[in-house]
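Scroll down for the structure; my scribbles are underneath it.
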Amino acid sequence: MGDGGDSAFAVIRKRINDINLDPVAEYENQVERFKEQKRKSLDQWADALQRISQKPKSPERVAEENELNRTRTAVIQRYRAQRAELWREFVMRAWMLPMLLGSVSDERREEARSRMTKWLRHLDPHHPGAPDLMLSLENAMAQGFKFAANRRERHPFTYAGGRKDLVRQAETMLQQSRCWYAQLTLLQALCLWQIPDGPAVRKRSHQDTHAPPTTAIQTVERWLSMAGTAHAPAVPAGGDGAAARQPLHPFVAETADLVTLALETRRPERFIWIDEKGVADNIGSRNSGPQLYRKHNLWIPPSIGWSSLDGRAQRLVADVLVMMNLIERDGQPDEVEERLSRSQQPHMQLPPCITADRDPLHPDLKITTSGSPTPGSSCHPHSCPFQFCPYPPRGTELRAELREPFCRQQQALLPHGLMRRLPRVRRRKTPNWVGMRVPELHAFWDGMAGRMRGP
């Protein structure tokens, strides 16, 4: 399925049943059916409980009440499981759609393009009711674009016409994106499509009379000028008459710097990753020299791990994973969606537990018999609108548990000993979005490194 092609599209088409069905309407209708089933089951539970309550007190009545309580718990758990399974199915659909559009043959491309349009119109502010695509599905579709962009021209399931469609659709989605994670991912995807796929070309001589090529900085500036503009409120022009740009999310700004470096060096594996969990779990193979022409079908193969990344990219992927683990936690769709909507505040783009004080994260917490702590229970009550803390305790099934070698590498990236005493102008001691002191950040990563150990 991950390879794409006509055969994969045929399987998914059969699964969807009606290729013309609106995906958001399909999802919402299924959710309503699950809610109706739960409501009927709970109505039956309430009627049975009322009948039992009229009986005199007895051991039999207590046993029946306990059985009814177990039934009620099972109904709620079944509903939550159905919702989570449905959500994961639509996440997978959104993720695979760009890969299919870039891999199907000409006979299937119009149908795949039409399906993509049905999804993207739910991001278009000019479409009635839009934007109403779930942020988690927006992020999944952006990931699909990046996976598709990772395929080089020689990939057996890459078609030239599909690549052009994908670039155009990705730029449209970047304009209509609402979430920082989708913007970060789409910048990486567009970067991979922009890199020339072939041996290094000769440098231009002074005798060339053609117009100068677009530089990497100009290319990335053009992408940044698109990001989220379809939903941005009108802002007054600057003093020079140019339109004022909305402030960039710190993670998006750092990604823009990294993709610029990837374009300039043509070494995307040093500055871009395909999957956060995959790159953080894998130490990776050694980088080949920049003079060697890579012969595999992917720009960034699965063998690439965090050791191949530049230090700035390692820091960024680490904090992106921390942020996404805080947001996704146990993966209940409504709760994930609510936290995603809070993950980018108008006047505070990152939570204080990422930028200023990581003590409220409490990475050393363990699951107790009473369950996981409520998100927001350790946040500063009046100064944090995000309400994400504490970090999911040890034993929670996360998007990606950060392993000890990766966490130790985060400590190694921090200055040690005398290097800490150098003025900040000589060396940036922490990531640009972090304002805490080096020892505090070092202690946080020490706590994260210990999560994978036994009790």
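Residue numbers (full-length UniProt numbering): 1 to 455. We put the beta carbon where it would ideally sit given N, CA and C, even for glycine. Owing to the predicted nature of the structure, the values given are computational and were not obtained by experimental measurement.
CB contact below 8 Å: residue 219 versus chain D: The structure shown contains no chain D; it is built from a single protein chain.
Inter-residue Cα distance where the pair is residue 146 and residue 185: Looking at the backbone, the Cα of residue 146 and that of residue 185 are separated by about 7 Å.
For residue 437, the three-state DSSP class (helix, strand or coil): Residue 437 falls in the coil class under three-state DSSP.
Beta-ladder partner(s) of residue 368, from DSSP: Answer is 371, bridged to residue 368.
Limits of the alpha helix (DSSP H) - the one that residue 263 falls within: First-last of the alpha helix (DSSP H) with residue 263: 250 to 265.
Where residue 349 falls, given that 16 or more other Cβ within 10 Å makes a residue buried: Around the CB of residue 349, 16 or more other CB atoms lie within 10 Å, so the residue is classed as buried.
Cα-Cα separation between residue 148 and residue 249, rounded to whole angstroms: Across the structure, residue 148 and residue 249 are spaced so that their CA atoms are roughly 25 Å apart.
Bounding residues of the alpha helix (DSSP H) (the contiguous stretch that carries residue 139): Start and end: 135 to 149.
Pairwise C-alpha distance: residue 447 and residue 227: Taking the straight line from one Cα to the other gives about 35 Å.
Chain-order list of residues whose beta-carbon lies under 6 Å from that of residue 41 (same chain, five-residue window excluded): Cβ within range, chain order: 75.
Under the three-state DSSP convention, the category residue 402 falls into: In this structure, residue 402 counts as coil in the three-state DSSP scheme.
Inter-stretch contact at 8 Å, needing at least 3 Cβ pairs: the region 29 to 48 / the region 98 to 108: No contact exists between the region 29 to 48 and the region 98 to 108.
Close beta carbons around residue 204, own chain, < 6 Å, minus the five adjacent residues each side: Residue placement at residue 204 cannot be trusted, given a pLDDT of 44 that sits under 50; what the coordinates show is reported in the next sentence. Here the set comprises nothing.
Beta-carbon gap between residue 366 and residue 393 smaller than 8 Å: Contact annotation: residue 366 and residue 393 have beta-carbon atoms nearer than 8 Å.
Beta-carbon spacing of residue 170, residue 190 below 8 Å: Contact: yes.
Residue 222 classed as buried or exposed, judged by whether at least 16 other C-beta atoms fall within 10 angstroms: With a threshold of 16 other beta carbon atoms within 10 Å, residue 222 falls short and is exposed.
Closest residue to residue 387 among 395, 396, 373 (Cα-Cα distance): Comparing C-alpha distances from residue 387 to each of 395, 396, 373 shows the shortest one belongs to 373.
Among 383, 378, 330, the one whose alpha carbon lies nearest that of residue 80: Comparing Cα positions, the closest option is 330.
Candidates 56, 83, 112, 62: closest to residue 19 by CA position: When each option's Cα is compared against that of residue 19, the closest is 112.
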